[in-house]
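Asks: Going by my numbering, the first residue of the sequence shown is number 253, and it counts up by one from there. I'd like to ask some things about the structure below.
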Amino acid sequence: MSDDDELEVELEARLEEQEEFEPPESFVEQANVTDEGIYEEFEENWPEAWERAADLLDWQSDYDTVLDESEAPFYKWFTGGSLNASENCLDRHLDERGDEAAIEWVGELGEERTYTYEQLHEEVNEFAAVLRDQGVQEDDVVTMYMPMIPELPIAMLACARIGAPHAVVFAGFSADALATRMNAADSEHLVTCDGYYRRGDPLHHLDKAEEGLESVDQDVTSIVVDRLEDDFDHDLGPSQHDYHDLLAEQEGATVEPVSRDAEDMLFLMYTSGTTGKPKGVKHTTAGYLAYAAWTSHAVLDIKPDDTYFCSADIGWITGHSYIVYGPLALGTTSVMYEGTPDYPDKDRMWEIVDDHNVNQLYTAPTAIRAFMKWGEQYPNKHDLSSLRLLGTVGEPINPRAWKWYYKHIGQESCPIVDTWWQTETGGMMVTTIPAIENMKPGSAGPPLPGISADIVDERGSPVEAGRAGYLIVNKPWPGMLRTLYKNDERFIDEYWDEYSIPEKDQWVYFPEDGAKIDDDGFITVLGRVDDVLNVSGHRLGTMEIESAIVGVPGVAEAAVVGGDHEMKGEAVYTYVITEDGYEGDEELRQEIIEAVEDSIGPIARPEAVVFSPELPKTRSGKIMRRLLEDIANGEELGNTSTLRNPEVVEEIAKKAQDD
Ligand code: PRX
């Protein structure tokens, strides 16, 4: 072994053992937030300290109250103020940064398009005029069902400009999922596209959109972006219009950004919950935007001159807050890419970082696990020295993956922020401020300044350091959801029922995550404690999947649980009982898989379908999911003595193994 090799082995061993990492000095010297006193300041001067976030925005009229708690838990932030989100993301940057890139888009076929702030402003104005011309009024919900093409953020910002809330539906969701969401939001307007490319091949999207519209109750007008050009000739019906034709009609149009009340809805985002019906999370203009901008500034360390790259899809909250609203509110360059990280080759991400001189990279543990598996030769092919900070989001990251990311991508000179948050929280809640705290691989960090989080037991009492409990948030924050669309009751039931004491006006938000806290106040998030799975960082409700399965002829009953999966984190395992006269054969298995894909989308595709004689049930008839999880994970089976039918467990385990 050469001296160099020996040194390498020694360094590797040190890294493996190291439990705490200091932020690199070069990072600290230039960071946006470096003053440790910020935590105390928020505590002592609460809620007024949140003005710091509001100050990052331009207001059309000033707010008079930072936080209105009078109708808790329907909190209101920055009341009395008015502003426009598109003006904050575009107009105010024009004087100083009009010629700088706002969006650098990298397409699946390798094409690139750059929009300067000036150009983005122009197209957003024109499209805002198009929407108005199409009859979209303030407060009408406009649905977007589009992949990662620039027209998506353009449409979002155009909506924000005229005060029409957007509801973006992830393009990978099925026709049924689109219809459910459009019906729930009473949305009469859809912006979509003819198709997009996956691994170089055209994929028809319009067919799926049209199929979805067949199940929408209200009349819908659609605007269709021609992404595939000659690769897909499509005819448009009378209620469908071509995006570029409409835009051409409005060439040069300008639309004044309407004045939105601080608490007016900016967008709706549907997410999975414990029941079959997705939840319409409502975010408002001022609190959400201030929070997205503040966390982008404090945690991602974004500065206007940076080039920042988040690899999420805008169809999820991460893309809303940290591709579109946060970075653009701060006037930076946001890189947006369409495709998958292994096409045309497994160095796709590193090629983008290299070509665009990316300063911050924000991605998900599921992607990092894939990078690790593919090997360091892919990042090694590229110059990644422009990187200054790395981030992760969506699921817990194991220390091995964290260290790989730190070493092979960050070259041991970038801090990593492991950010815990949710669709409902609007922005990051628990993570380190990178220049202030040391990092502990696997642990997200302390709650951000002004965020009051704790770990409690079933009764709401704080648990000792190191013990698992439930994560709760004790105080409101500006980016919080305001309610579930048209369903205040469910909002209370889902988030506030567990630990609040309404008689004492004590309101505690329950995110449905398990966690533990260490002596330094660092929180390690363990995962969902409700019937929601986290598959590759995507939230999927087991009930939604189960109801798709029981709709298949021949299926009597189904139970869905999450099983550990090396790449996806968690995978969908289904246990199915057939009706008399039906056989659990390959044909039925395929029908079940298709039904799940049709009802939700390919992301929910079951990893395994196990035909079972019965499901393990308690004496009161509840399915013992824990045992099914043990079976999925091939673990020793836990206590079965409380079951009505203990004998069935071994039988299912054997069937699962045989399959
Ligand atoms: O379980 C937590 C997990 O993802 C859930 C939120 O999912 P969603 O609303 O789709 O938003 C994902 C992007 C913000 C949480 O309840 N989660 C998110 N970030 C982390 C995490 N689990 C552990 N560590 C994280 N950093």
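Backbone N, C-alpha and C fix where the C-beta goes; we use that ideal spot for every residue, glycine too. All figures in this text were calculated on a predicted structure; none of them were measured in a lab.
What are the start and end residues of each continuous alpha helix (DSSP H) run of 4 or more residues lying completely inside the stretch 334-400, in chain order?
Replies: 337-341, 346-349, 369-385
Asks: Where does the unbroken alpha helix (DSSP H) through P454 begin, and where does it stop?
Replies: Careful: P454 lies outside any alpha helix (DSSP H), inside the beta strand (DSSP E) at 453-456.
Asks: Just grab the DSSP bridge partners of P631 for me.
Replies: Paired residue(s): none; P631 is not in a bridge.
Asks: Report yes if the C-beta of A696 is less than 7 Å from at least one heavy atom of the ligand PRX; otherwise report no.
Replies: yes
Asks: Would you decide whether Q612 is buried or exposed? Buried here means 16 or more other CB atoms lie within 10 Å of its CB.
Replies: buried
Asks: Quick one, which of C445, S474, E374 has its alpha-carbon nearest Q502's?
Replies: E374
Asks: Is there at least one non-hydrogen atom of the ligand PRX closer than 7 Å to the beta-carbon of G779?
Replies: yes
Asks: Does the stretch 452-469 come within contact of the stretch 886-899, defined as at least 3 CB pairs closer than 8 Å?
Replies: Remark: fewer than three beta-carbon pairs, one from each stretch, lie closer than 8 Å, so the stretch 452-469 and the stretch 886-899 are not flagged as touching.
Asks: With a CB to CB cut of under 8 Å and the five nearest residues on each side skipped, what residues in its chain are close to I852?
Replies: F425, S426, D428, A429, L792, E796, I797, A800
Asks: For the beta strand (DSSP E) containing T526, name the first residue and the last one.
Replies: It is not in any beta strand (DSSP E) - T526 carries neither H nor E in the DSSP assignment.
Asks: Would you report the Cα separation of A810 and W602, rounded to the nearest angstrom?
Replies: 42 Å
Asks: Do F484 and G447 have their beta-carbon atoms positioned less than 8 Å apart in this structure?
Replies: yes
Asks: Taking contact to mean 3 or more Cβ pairs, one atom from each stretch, closer than 8 Å, check whether the stretch 354-373 and the stretch 528-539 are in contact.
Replies: no
Asks: Can you tell me where the alpha helix (DSSP H) holding M588 begins and where it ends?
Replies: From DSSP, M588 is part of no alpha helix (DSSP H) but of the beta strand (DSSP E) over 585-589.
Asks: Touch check for the stretch 707-724 and the stretch 305-321: three-plus C-beta pairs under 8 Å?
Replies: no
Asks: Alpha carbon to alpha carbon, how far is E664 from Y658?
Replies: 5 Å
Asks: Give me, in chain order, the residues of the same chain whose beta-carbon lies closer than 6 Å to that of M434; leave out the 5 immediate sequence neighbours on both sides.
Replies: Here the set comprises T395, V468.
Asks: Got a sec, what are the start and stop residues for the alpha helix (DSSP H) I925 sits in?
Replies: Because the chain is modelled from 253 through 911, residue 925 falls outside the range shown and cannot be assessed.
Asks: Under a three-way DSSP split, which group does T547 fall into?
Replies: helix
Asks: Helix, strand or coil for W759 per DSSP?
Replies: coil
Asks: Looking at C-alpha atoms only, which residue of G350, G333, A808, S511 is the closest neighbour of I844?
Replies: Nearest in C-alpha terms to I844, of all of G350, G333, A808, S511, is A808.
Asks: Closer than 7 Å to a non-hydrogen atom of the ligand PRX - does that hold for the CB of G221?
Replies: The chain is shown from 253 up to 911; residue 221 falls before or after that span and cannot be answered.
Asks: Hey, is N786 close to the ligand PRX, as in C-beta under 7 Å from one of its heavy atoms?
Replies: yes
Asks: Would you mind working out which of I401, S704, P509 sits nearest A380, comparing C-alpha positions?
Replies: Ranking the options by Cα distance to A380, first place goes to P509.
Asks: Run through the DSSP bridge pairs and tell me what C666 is partnered with.
Replies: Within the DSSP secondary-structure output, C666 pairs in no beta bridge.
Asks: Which word fits T671, buried or exposed, when buried means at least 16 other C-beta atoms lie within 10 angstroms of its C-beta?
Replies: It is buried - the Cβ of T671 has at least 16 other Cβ atoms within 10 Å.
Asks: What residue does the alpha helix (DSSP H) around V280 start on, and which one ends it?
Replies: 277-282
Asks: Rounded to a whole number of angstroms, what is the C-alpha to C-alpha distance between R742 and E764?
Replies: Spanning the two alpha carbons is a distance of roughly 15 Å.
Asks: Should D257 be labelled buried (16 or more other beta-carbon atoms within 10 Å of its own) or exposed?
Replies: exposed
Asks: Give a yes or no on contact between the stretch 534-551 and the stretch 732-749, applying the rule of three or more CB pairs nearer than 8 Å.
Replies: They touch, by the three-pair rule.
Asks: Q502 by DSSP, collapsed to three states: which one?
Replies: Coil at Q502, not helix or strand.
Asks: From this set, V285, E352, P667, which residue's C-alpha is nearest P275's C-alpha?
Replies: Answer by Cα proximity: P667.
Asks: What's the call for P595, buried or exposed, on a 16-neighbour Cβ count within 10 Å?
Replies: Looking at the sequence itself, residue 595 is Tyr, so the reference to Pro does not match. When all chains shown are included, Y595 counts as exposed.
Asks: Could you check where the beta strand (DSSP E) with S474 kicks off and where it finishes?
Replies: 473-477
Asks: Quick one: what does DSSP say S573 is sitting in, helix, strand or coil?
Replies: helix
Asks: Given G986, which residues of its chain have a CB within under 6 Å of its CB, disregarding the five upstream and five downstream residues?
Replies: No information on residue 986 is available, as it lies outside the stretch 253 to 911 that the chain covers here.
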